[in-house]
Amino acid sequence: MLGVQEYACAPKTPIWARLLCGCAPLGQRLDERRRRAGRGDGRRLQPARNQPLNAAELNRLTTTVNTLTAKGAYVVLDVHNYARYGTGVVGAEIPIADFAEFWGRLAVEFKGNAKVVFALMNEPHDMPTETWIEAANAAIVSIRAAGATNLILVPGNGWSGAHSFDATFYGTSNAEALLKIADPKGYVAFEVHQHLDEDSSGKSPACVSETIGVERLQGFTAWLRKHRKKGFLGEFSGGSSAVCLKAIANVAIYLEQNKDVYVGWTYGAAGPSWKSYFTSLEPRDGADTPQMISLQAHLSVSTR
18 MLGVQEYACA PKTPIWARLL CGCAPLGQRL DERRRRAGRG DGRRLQPARN QPLNAAELNR
78 LTTTVNTLTA KGAYVVLDVH NYARYGTGVV GAEIPIADFA EFWGRLAVEF KGNAKVVFAL
138 MNEPHDMPTE TWIEAANAAI VSIRAAGATN LILVPGNGWS GAHSFDATFY GTSNAEALLK
198 IADPKGYVAF EVHQHLDEDS SGKSPACVSE TIGVERLQGF TAWLRKHRKK GFLGEFSGGS
258 SAVCLKAIAN VAIYLEQNKD VYVGWTYGAA GPSWKSYFTS LEPRDGADTP QMISLQAHLS
318 VSTR
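Sequential numbering of the sequence shown, starting at 18, is according to the numbering used here.
Structure (structure tokens):
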């Protein structure tokens, strides 16, 4: 599956934020204006930990998900909190059990829809990698205990970068630690992010080279193949220069060439909240952005 992600910054109040991605099967083209989902603006799904989900927000979320999946799209539900709840860190100030409890509640609501994918967290960071693995495994147990058989996306620590997958500056490397993820259903994929600028942050419109995305993904791809795992590129982006457009296209081509180990990708990002941000795929005055055109040229089949 492939798609775009849409979200806005979460408010400073302690909540579990959310993000949605409208996706199509890998190897097909996303009609960005029709298949895009998401009002991932930090609305309160669970204002108080260990309490029922907010009924109004859950209704909005469910309506959006059902509308998209009825049209054949996949939807990724992503806790976009960086392993935080307010200022508390999961596994430190925030008990791991609270994080797992939230996922159990959400799984109950969407376990009947096979086109819904559960992405455990966006970019955990500044925490022991072992703590994140414990939290991820607890969430997986909670999801499966709820009776959900949906695909689960598991990110790594240290901002989940593909380029730093085997690095240790953030603690035990993701390459080592993620081997300890356990799912009784065996239905997980490992999520990485990879931007194309110099520091892999996605904050600069300048891309290092036309091949930088592919180069930064190769180590992760080799790990997936060696350990017979599946991967998901949950975020990548670049500016609109000729170098960036070629780099973006090369990533799409690379993922298609390696679809034996990749279940899909989402580009960052799209949606009205992004306005004219330099990576956005949001149409400008009714016209596709250069990045959208670059992606479309390398996707094979339209979902329209």
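For glycine and all other residues, C-beta sits at the position ideal for the given N, C-alpha and C.
Exercise for the section: May I ask which residues mark the beginning and end of the beta strand (DSSP E) holding Glu126? Expected result: Walking along the sequence shown from the start, residue 126 turns up at place 109. From DSSP, Glu126 is part of no beta strand (DSSP E) but of the alpha helix (DSSP H) over 113–127.
Practice task
Give the secondary structure of Gly248 by DSSP, where H, G and I count as helix, E and B as strand, and everything else as coil.
Solution key: For the purposes of this step, residue 248 is taken as residue 231 along the sequence shown, with counting starting at 1. Of the three classes helix, strand and coil, the one that applies to Gly248 here is strand, per DSSP.
Problem - For Gly121 and Ala162, believed in contact at Cβ under 8 Å, the rounded distance - result: As a first step, residue 162 must be located in the sequence shown, where it is residue number 145. As a first step, residue 121 must be located in the sequence shown, where it is residue number 104. Right, their Cβ atoms sit about 6 Å apart.
Handout entry: Tyr102 - DSSP class collapsed to helix/strand/coil
Key = Position 85 of the sequence shown holds residue 102. Strand at Tyr102.
Handout entry: Residues near Leu70 by beta carbon distance below 8 Å, same chain, minus five either side
Key = Counting from one through the sequence shown, the residue named residue 70 turns up at place 53. Answer for Leu70: Leu62, Gln63, Arg122, Leu123, Glu126, listed in chain order.
Problem - Within 8 Å, strictly: CB atoms of Pro244 and Leu196 - result: Numbered from its first residue, the sequence shown carries residue 244 at position 227. Numbered from its first residue, the sequence shown carries residue 196 at position 179. Position check: residue 244 holds His in this sequence, whereas Pro was assumed. Yes, Cβ-Cβ distance for His244 and Leu196 is below 8 Å.
Exercise for the section: Since I believe Phe182 is in contact with Val349 (beta carbons under 8 Å), could you give me their beta-carbon distance rounded to a whole number of angstroms? Expected result: Residue 349 lies beyond the stretch modelled for the chain, which goes from 18 to 321, so this question has no answer here.
Problem - Among Pro289, Gln235, Thr306, the one whose alpha carbon lies nearest that of Val278 - result: Along the sequence shown, read from residue 1 onward, the residue named residue 278 stands at position 261. Checking every option, the nearest Cα to that of Val278 belongs to Gln235.
Practice task
Determine the DSSP secondary structure at Pro324, reduced to helix, strand or coil.
Solution key: This structure gives no information on residue 324, because the portion of the chain shown stretches from 18 to 321.
Practice task
Compute the Euclidean distance between the alpha carbons of Gly57 and Trp240, then round it to the nearest angstrom.
Solution key: As a working mapping, residue 57 is identified with position 40 in the sequence shown. As a working mapping, residue 240 is identified with position 223 in the sequence shown. The predicted model places Gly57 with a pLDDT of 34, which falls under 50 and marks its position as unreliable, so this point remains unresolved.
Exercise for the section: Consider the C-beta atom of Gly89 and the heavy atoms of the ligand FAD; say whether any pair is separated by less than 7 Å. Expected result: Here there are no bound small molecules, and the ligand FAD is not part of this structure.
Exercise for the section: Going by DSSP, name the residue or residues bridged to Arg301. Expected result: Translated into the one-based positions of the sequence shown, residue 301 becomes position 284. Beta-bridge pairing links Arg301 to Ala304.
Practice task
Specify the secondary structure class of Glu74 as computed by DSSP and reduced to three states.
Solution key: Looking up residue 74 in the sequence shown gives position 57. If DSSP states are grouped into helix, strand and coil, Glu74 belongs with the helices.
Problem - Outcome for Ile160 when other beta-carbon atoms lying within 10 angstroms are tallied against a minimum of 16 - result: Walking along the sequence shown from the start, residue 160 turns up at place 143. It counts as buried.
Exercise for the section: Have a look at Asn130, Ile157, Ala90, Glu147 and flag the residue whose alpha-carbon is nearest the alpha-carbon of Phe119. Expected result: For this step, residue 119 is matched to residue 102 along the sequence shown. Residue Ile157 is the option with its Cα nearest to Phe119.
Practice task
Tell me, please, whether the segment 184–196 touches the segment 250–262 by the rule of three or more beta-carbon pairs shorter than 8 Å.
Solution key: no
Exercise for the section: Could you tell me if Ile270 is buried or exposed, where buried requires 16 or more neighbouring beta carbons within 10 angstroms of its beta carbon? Expected result: Locating residue 270 in the sequence shown gives position 253, counting from the first residue. With fewer than 16 Cβ atoms within 10 Å of its Cβ, Ile270 is classed as exposed.
Practice task
Sort out for me which residues DSSP pairs Phe135 with in a bridge.
Solution key: Stepping through the sequence shown from its first residue, residue 135 is reached at position 118. DSSP, once it has assigned bridges, lists Leu94, Ile169 as partnering Phe135.
Handout entry: For Ala199, three-class secondary structure by DSSP
Key = Counting from 1 along the sequence shown, the entry for residue 199 is found at position 182. The answer is coil: DSSP assigns Ala199 none of H, G, I, E or B.
Practice task
Could you tell me which residues DSSP pairs with Glu208 in its beta bridges?
Solution key: Along the sequence shown, read from residue 1 onward, the residue named residue 208 stands at position 191. For Glu208, which the question treats as bridged, DSSP gives the partners Pro172, Phe249.
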